[in-house]
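One structure below.
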Amino acid sequence: MKLSHLIILAALTSQLLLDSCTQSKSEPISSNTEEQVIYPAIKVESAKPSQELQIPGELESYFETDLFPKVNGYIKRINVDIGDRVSTGQVLAVLDAPELSLQLAEATAKMRSAESQLNTSKSVYKRLQKANQTPGTVSPNDLDIAHSKIVSDSLTWLGTKAVYQSIQVMTEYLSIKAPFDGVVAERRLSPGAFVGPNDKSAVAIFKIKQENRLRLRIPVPERYISAIRLNQPISFSVMNLPDKQFTGKVSRISHNVNKQTRSELIEIDVQNPQLQLVSGTYTQVTLPFQRNTTSLTVPSSAVATTLEKCFVVKVENGIASWVEVKKGIEAEGKVEIFGEIKSGDTVLKTASDEIPNGVAVKTKL
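When we follow the UniProt record's numbering, the leftmost residue of the sequence shown carries the number 1, and every step to the right adds one.
Structure, rendered in structure tokens:
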């Protein structure tokens with residue numbers, strides 16, 4: 001009897017313990033014990049964002065030209081070589097064209113002959129006028145013929161004179177002259193070479209560059225072109241003079257976006273009297289600029305980017321909503337934004353697509 005009572009008592013005790021454990025596991029956690037996440041938030045600010053853009057540029061000579069001869073001939077003499085400084089009007093080379101000299105001599109002879117004939121006609125007309133002072137000595141028809149002869153000879157003389165001047169100008173082209181102050185960048189031919197417009201494989205005798213004044217050409221990315229203005233200061237450096245910093249101002253804006261590079265070309269005039277800088281050199285340009293009008297800015301972390309959109313998480317009345325925006329100038333940890341948002345709106349300091357659109361959130365500024 002005692003043994004059976006002990007067995008029954010042990011069974012009841014085990015059942016009570018099992019029921020107790022089952023009940024404690026199935027009880028729900030009180031909602032009062034949940035801790036809601038608090039998200040840092042900021043206010044959208046209105047400002048004029050500024051930035052120093054580091055972009056590459058290229059120096060080019062202010063003027064650059066290839067010198068071709070205008071007349072056919074052989075190079076008789078070359079007076080300069082690569083690297084020589086030249087001044088406007090300086091004779092760089094001389095051509096030899098004997099047939100042109102003969103044409104000039106022929107034109108000179110014809111012009112002088114026509115001039116002599118004109119002088120003779122004028123003398124005849126003067127004598128007839130003098131004789132006409134005695135009534136009946138000279139008929140009016142003879143006077144008219146003499147006057148017409150003067151007119152005809154005058155036109156002949158003017159024609160021969162024009163031919164002479166034309167050939168004379170052509171002979172002046174036998175001297176190849178510098179069109180501006182510059183440096184001989186290339187000399188491609190030597191004395192004895194045939195040159196001229198009739199040469200099918202025409203090669204320029206010289207390439208002249210103006211190096212005491214240069215153009216710095218800079219392709220500005222499309223997103224920044226609205227902030228570029230004339231006379232805007234810039235600074236730049238070159239690899240061969242790393243310890244020197246050069247300055248300039250925006251001289252020209254192309255107002256044309258290159259469809260391939262999506263950039264707008266600007267130019268800066270650079271004075272180079274000592275020829276320290278060389279055309280063709282790449283430069284590293286520092287271009288500071290600022291928007292002309294105010295715009296909205298937020299910390300860079302407040303803008304999230306997915307494959308589909310770029311957005312900020314706006315919080316209004318405790319509800320998070322995604323607002324699609326476009327980014328502008330980005331500098332010093334802040335970014336310019338454009339979209340359906342205004343100054344003073346509250347957005348999460350760190351945006352993420354893990355925060356669903358329309359969910360309730362708790363924030364702290």
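The beta carbon of each residue, even a glycine, is placed where N, CA and C say it ideally should be.
Burial state of G73 (16 or more Cβ within 10 Å): As a working note, residue 73 is residue 73 in the sequence shown. Buried.
Spatial distance of Q117 from P179 (CA atoms): The sequence position of residue 117 within the sequence shown is 117, counting from 1. The sequence position of residue 179 within the sequence shown is 179, counting from 1. For Q117 and P179, the distance between alpha carbons rounds to 41 Å.
Per-residue burial, T294 [other beta carbons within 10 Å of its own, 16 or more giving buried]: For the purposes of this step, residue 294 is taken as the residue at position 294 of the sequence shown. So T294 ends up on the exposed side.
Of the listed residues L365, A93 and L307, nearest to Y173 (C-alpha basis): As a first step, residue 173 must be located in the sequence shown, where it is residue number 173. The candidate whose alpha carbon is nearest that of Y173 is A93.
In DSSP terms, what S295 is bridged to: As a position in the sequence shown, residue 295 is number 295, starting the count at 1. S295 pairs with A47.
Whole beta strand (DSSP E) elements within the UniProt domain "CzcB-like barrel-sandwich hybrid" (67-199), 3-residue minimum: Entirely contained in the UniProt domain "CzcB-like barrel-sandwich hybrid" (67-199), the beta strand (DSSP E) runs reaching 3 residues are, in chain order, 73-78, 91-96, 175-177 and 182-187.
Neighbourhood of V238 by C-beta, 6 Å cutoff - its chain only, sequence neighbours within 5 removed: For the purposes of this step, residue 238 is taken as residue 238 along the sequence shown, with counting starting at 1. Here V238 has T281 and T283 as same chain residues with Cβ atoms under 6 Å from its own Cβ, once five neighbours each way along the sequence are excluded.
Euclidean distance between Cα positions of P56 and K161: Within the sequence shown, numbered from 1, the residue matching residue 56 stands at position 56. Within the sequence shown, numbered from 1, the residue matching residue 161 stands at position 161. If I take the Cα positions, the gap works out to 58 Å.
CA nearest to the CA of P49, picked from P288, K362, V315 and P219: The residue labelled residue 49 in the question sits at position 49 within the sequence shown. Closest option to P49, Cα to Cα, is P288.
Inter-residue spacing [alpha-carbon to alpha-carbon] between Q260 and S254: Numbered from 1 along the sequence shown, position 260 holds the residue referred to as residue 260. Numbered from 1 along the sequence shown, position 254 holds the residue referred to as residue 254. Roughly 15 Å between the two C-alpha positions.
Range of the contiguous beta strand (DSSP E) that encloses V220: Mapped onto the sequence shown, residue 220 falls at position 220. Counting along the chain, the unbroken beta strand (DSSP E) around V220 starts and ends at R213 to P221.
Inter-residue Cα distance where the pair is D84 and Q210: Counting from one through the sequence shown, the residue named residue 84 turns up at place 84. Counting from one through the sequence shown, the residue named residue 210 turns up at place 210. D84 and Q210: Cα-Cα distance of roughly 12 Å.
Under the three-state DSSP convention, the category T22 falls into: Taking the first residue of the sequence shown as 1, we reach residue 22 at position 22. Caution is warranted here: a pLDDT of 39 is assigned to T22, below 50, making its placement in the model unreliable, and the coordinate value is therefore given only provisionally. In the structure shown, T22 adopts helical secondary structure according to DSSP, grouped into three states.
Cβ contact (3+ pairs, closer than 8 Å) linking the segment 318-327 and the segment 339-354: A contact is defined here as three or more CB-CB pairs under 8 Å, and the segment 318-327 meets this definition with respect to the segment 339-354.
Boundaries (first-last residue) of the beta strand (DSSP E) holding R252: Locating residue 252 in the sequence shown gives position 252, counting from the first residue. Start and end: L241 to N258.
Proximity winner among V250, A227 and R229, relative to S235 (alpha-carbon distances): As a working mapping, residue 235 is identified with position 235 in the sequence shown. When each option's Cα is compared against that of S235, the closest is V250.
C-alpha distance - Q103 paired with Q165, whole-angstrom precision: Position 103 of the sequence shown holds residue 103. Position 165 of the sequence shown holds residue 165. If I take the Cα positions, the gap works out to 11 Å.
Span separating the alpha-carbon of V124 from that of Q168: On the sequence shown, residue 124 is found 124 positions in, with the first residue counted as 1. On the sequence shown, residue 168 is found 168 positions in, with the first residue counted as 1. Straight-line Cα distance between these residues: approximately 32 Å.
Three-way DSSP call (helix, strand, coil) for S343 in this model: Here residue 343 corresponds to residue number 343 of the sequence shown, with the count starting at 1. Correct three-state label for S343: coil.
C-alpha gap between D345 and N240, whole angstroms: Position 345 of the sequence shown holds residue 345. Position 240 of the sequence shown holds residue 240. If you draw a straight line from the Cα of D345 to the Cα of N240, it comes to about 50 Å.
DSSP state of I225 mapped onto helix, strand, coil: Stepping through the sequence shown from its first residue, residue 225 is reached at position 225. Note: I225 maps to helix in three-state DSSP.
Boundaries (first-last residue) of the beta strand (DSSP E) holding Y62: As a working mapping, residue 62 is identified with position 62 in the sequence shown. Counting along the chain, no beta strand (DSSP E) covers Y62, and no H or E run does either.
Proximal residues to A351 (C-beta, below 8 Å), its chain only, five neighbours per side dropped: As a first step, residue 351 is located in the sequence shown; it is residue number 351 there, counting from the start. Answer for A351: S301, A302, V303, A304, F311, V312 and V313, listed in chain order.
Contact check, I208 vs G248, beta carbons under 9 Å: For the purposes of this step, residue 208 is taken as residue 208 along the sequence shown, with counting starting at 1. For the purposes of this step, residue 248 is taken as residue 248 along the sequence shown, with counting starting at 1. Not closer than 9 Å, so no.
Residue 399 in three-state terms, based on DSSP: A query on residue 399 cannot be resolved here, the shown segment of the chain reaching from 1 to 365 and no further.
Assigned exposure category for A107 - 16 Cβ within 10 Å defines buried: Along the sequence shown, read from residue 1 onward, the residue named residue 107 stands at position 107. Result: buried.
Within the segment 264-312, ranges of the beta strand (DSSP E) (whole runs, at least 3 residues): Whole beta strand (DSSP E) segments, 3+ residues: 282-290 and 295-299.
A204 in three-state terms, based on DSSP: Counted from its first residue, the sequence shown places residue 204 at position 204. DSSP, read as helix, strand or coil, puts A204 in coil.
N- and C-terminal bounds of the beta strand (DSSP E) containing S235: Indexing the sequence shown from 1 puts residue 235 at position 235. Unbroken beta strand (DSSP E) run through S235: P233 to V238.
Per-residue DSSP class, three states only, for I38: As a working mapping, residue 38 is identified with position 38 in the sequence shown. In this structure, I38 counts as strand in the three-state DSSP scheme.
In DSSP terms, what K326 is bridged to: As a position in the sequence shown, residue 326 is number 326, starting the count at 1. Looking at the DSSP assignment, K326 forms a beta bridge with F338.
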